[in-house]
Structures are given as C-alpha cells and as structure tokens.
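Here's the structure we're looking at; comments come further down.
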Amino acid sequence: MKIAVPREVDPEESRVAATPDTVKRYIGLGATVAVETGAGLKSRIPDAEYAAAGATIAPSAAEAVADADVVLKVRRPDASEIGAYRRGALVIAIMDPYGQAEALKAFADAGLTAAAMELMPRITRAQVMDVLSSQANLAGYQAVVDAAGTYGRAMPMMMTAAGTVPAARVFVMGAGVAGLQAIATARRMGAVVTATDVRPAAKEQVESLGAKFVAVEDEEFRQAETAAGYAKPMSAEYQAKQAALVAEHIKKQDIVITTALIPGRPAPKLVSADMVASMKPGSVLVDLAVERGGNVDGAKSGHTVETEGGVTILGLANAAGRIAATASQLYAKNLFAFVETLVDKKEKRLAVNWDDELVKATVLTRDGAIVHPQFQS
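Under the numbering used here, think of the first position of the sequence shown as 1, with each following residue one higher.
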C-alpha cells in the first residue's frame, strides 16, 4: 500500500496533506509513503523531517504518485495532476465539488475514487475527521489577528498616565465554528465583543464566551431553528427588522468580522455598501466568505480594499492557510483519522468498506462514474 503526498500546485495554497507525525502513523499501518520534494516547505516542514519519519522523498509529483494506492491533497487536483494518477487510486482532498461537474467527470473518466473531506458527516465518530471545523477554527482566529494588525489602534482598554485608551469594539456576524473562535480571540485580546446569528441556540454560545448577542428576539426568532439544529428561512418582515438593527449597530463598531457560508450556495450578503459607508474612518471589515462571493459589499478575494471613507475591507482567501504550519498539522490528522478507517490492520492493505456511512457520505466518484447522489446529473 503506497500513499503519495504531492506538493500543492496552487501558488496560494501553503498547507500540506501530511506531517512527519502522520507519515510515521501511515507507516505503522503498513504503508510506504512518498512525499514530493518541497511539499511541506510553506508549512515549515523540510524534506529532511519527512525522510527522518520514514518517507521517500520523490523529486517530482509524477514520481511521488506513480503506482500510489492513495493520494492525499489539500485542494482538489486539477486535470494536469490527475493524468499521472493510476486508475483505481483513492484521492482524498477538500474537493469543493459544488458546481464542478466537469472536474468530477474528469475524476470519473480517469477511473479514480475521489473522496471529499468537507462532506464528512457531523457524527461522533467523525469529529476527529472534521476538516471544516479544524480549518474554520483557525480562520476565525486569523481573522482577528489580521484585523488587529490592520486596525492601527490597541485592542484592549489601557489606563496610562497619559490617558485612557478605549477598548476596540468588535462585531462578529455568524456564530459557527469560525465565528465562535473569532469571538474568543477578540475577547482574549481585550476587545468589547458583540455577535449575531440567525439560530436562537447561538445566543447561549455567544454569551458563554463573554460577548453580547445582537438580534431581534421576537417569537419568529425563537422558532427559527429546526429539530436538526439548522436555521429556518425567515420572513421578509423579520429580515427587514434584523437588517435595521444590524445597520445601526455596525455604525458604532471598529472591527466587523463576517463568517456566513452556506454549502453549495453563494455567500449571503450581510453588510451593504451603505453599512460600510456608515462606519468610522479607520474601521476594518474582515470577510471570511469572500471566496464564495463574500458577505461584505465591495470585498475582493485575496485583496485589501480601502474605501473613500477610510474603511478597510480585508478579503481573506484561505485564511487558515495564513497559519499553514498549524493548519497542516490539524488537517493532516483529520486525513489520517479517515484513512485509518479504510485500512485492514491485520492484512496491512487498503480495504474500503463501501457501505460505511463515512465512505458513502464522502465518495464522489468510483469505477468510472459519479456516484454521490448529490452530484449526479
């Protein structure tokens, strides 16, 4: 059983799919591991550390993936990459499959089994494999760090002989994994933090972190969550009331961090151009949904935008990748936990149980066809 770890071809991707620690664990499962030279450099992992862990260092991606049974990636391989993979290989990555019919067809035509880590079900046994949570957690942290670095003022209140410096006011929109980590990080840095979310259950989570919850808490809001914990669509009347409340609140904020994403859909617009214009000069907005169209009007993926009113909008693309060493450490462990379930430990070989709920939820293509029901045309 050979496992390959090629270098990411996207120049903006700094993460890597394996660490020396997980290489040792794969070898312990009976695998040989080939790592393309330089694959871990952007994550502060030199080739020598992989070699010391027992990996073979391949001089090229083609040599790394040659005859590999499993190929581990961060981002979905493109057509130029999958041409080097052997038919029947299992390719595991963050596949970003929505709206990617041609890419999925290319995997099927190449005879590859493609598994999307972000489709991992939210069940107890799969928590350690949850790449969305591990990476969103870091994105929320990094959003606050970048915002603080751009803000140009101190975050905590400071009482000095020369006068008192007021604490920064931070507003977090969306209290999922990224939002909750942003709240916790901003609080640790001494900011006055408020947050909002469409789910009533989020109020308790926000307040448990020491932040104030901002929402129109009427009867419709209290009934706005399904039994499964998802948000229900809100009426136009409620949306108008909530938007008015948020618009008034944003005027007083120094930093706004938006985190709202819906799988398979464009990111919802939360902050209008008028809201941005209402903020004080020197204020900062961080849009963590910018790669899906953004929550903030005017945000550009991978760019910093300065408005005429002196407000800075940070379009953080691949926020977790900005702290690649930590992000890779967590992502590699997510991958290993999944691969371990696919290996027969006695026979020391790949033995995928196609009826396993984890496999059913994540496998997109197999035996020359797109098999995931959500992506079949």
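Glycine is no exception: its CB is placed at the ideal position from the N, C-alpha and C atoms.
Note that this is a predicted model, so its numbers are computed, not measured.
C-alpha of A202 to C-alpha of A175: approximately 6 Å in a straight line.
Within the model, the alpha-carbon separation for Q242 versus V214 is close to 9 Å.
In the DSSP assignment, R75 falls within the beta strand (DSSP E) that extends over V70 to R75.
In the three-state scheme derived from DSSP, where H, G and I count as helix and E and B as strand, T258 is classed as strand.
Under a 10 Å Cβ-count criterion, S377 is classified as exposed, with fewer than 16 other Cβ atoms of the shown protein chains found around its own Cβ.
Taking all protein chains in view, the Cβ of R87 is surrounded by fewer than 16 other Cβ atoms within 10 Å, so the residue is classified as exposed.
Scanning E49, Y98, Q135 and K348 for the CA closest to the CA of P373 turns up Y98. Minimum Cα-Cα distance from A247 among the listed residues A224, A273, Q223 and A260 corresponds to A273. In this model, A361 and G302 are separated by some 31 Å (Cα to Cα). Apart from sequence neighbours up to five positions away, the residues of its chain that approach A31 with a beta-carbon distance below 6 Å are M1 and I3, ordered along the chain.
For M275, the uninterrupted alpha helix (DSSP H) segment begins and ends at A273 to S278. Contact check for A61 and P6: beta-carbon distance about 4 Å, within the 8 Å limit, so the pair qualifies. Across the structure, K345 and R265 are spaced so that their CA atoms are roughly 40 Å apart.
A contact between stretches requires three or more CB pairs, one per stretch, nearer than 8 Å, and the region 108-120 fails this requirement with the region 142-159.
The residue from E220, I250 and K251 with its alpha-carbon nearest to that of A236 is E220. The criterion of a C-beta distance shorter than 8 Å is satisfied by V16 and I45.
Distance between E225 and R199, taken at the CA atoms: about 6 Å. Rounded to the nearest angstrom, the Cβ distance from V311 to P281 is 7 Å, consistent with a contact under 8 Å.
By the 16-neighbour rule on beta-carbons within 10 angstroms, M157 is exposed. DSSP lists V172 and F213 as the beta-bridge partner residues of A195. By the Cβ neighbour-count rule, K212 is exposed, with fewer than 16 other Cβ atoms within 10 Å of its own. As DSSP reads the structure, E340 sits in no beta bridge. A distance below 8 Å between beta-carbons, with the five flanking residues on each side excluded, links G309 to the following residues of its chain, in chain order: V276, A277, M279 and P281. Here G179 carries a helix assignment [DSSP, helix/strand/coil]. Judged by DSSP secondary structure, I82 falls within the alpha helix (DSSP H) whose first and last residues are A79 to I82. Its chain contains no residue whose beta carbon lies nearer than 6 Å to that of Q100 once the 5 sequence neighbours on both sides are disregarded.
Collapsing the DSSP output to three states places R265 in coil. Its Cα nearest to that of A184, the residue I257 stands out among G368, I123, I257 and P166. Under the criterion of beta carbons closer than 8 Å, H249 and T194 qualify as touching, at roughly 7 Å. Per DSSP, I57 lies in no alpha helix (DSSP H); the unbroken beta strand (DSSP E) holding it starts and ends at T56 to A58. Listed as beta-bridge partners of D287 by DSSP are T258 and G315. Going by DSSP, G140 is part of the alpha helix (DSSP H) stretching over V131 to Y151.
Taking M189 as reference, the option from E204, L209, Q205 and V177 with the minimal CA-CA separation is L209.
For the pair of segments examined, the region 285-303 was found not to touch the region 323-341: the number of CB pairs separated by less than 8 Å stays below three. Our two residues, A89 and A68, have alpha carbons roughly 7 Å apart in a direct line. Straight through space, the alpha carbons of S43 and D130 are spaced by roughly 20 Å.
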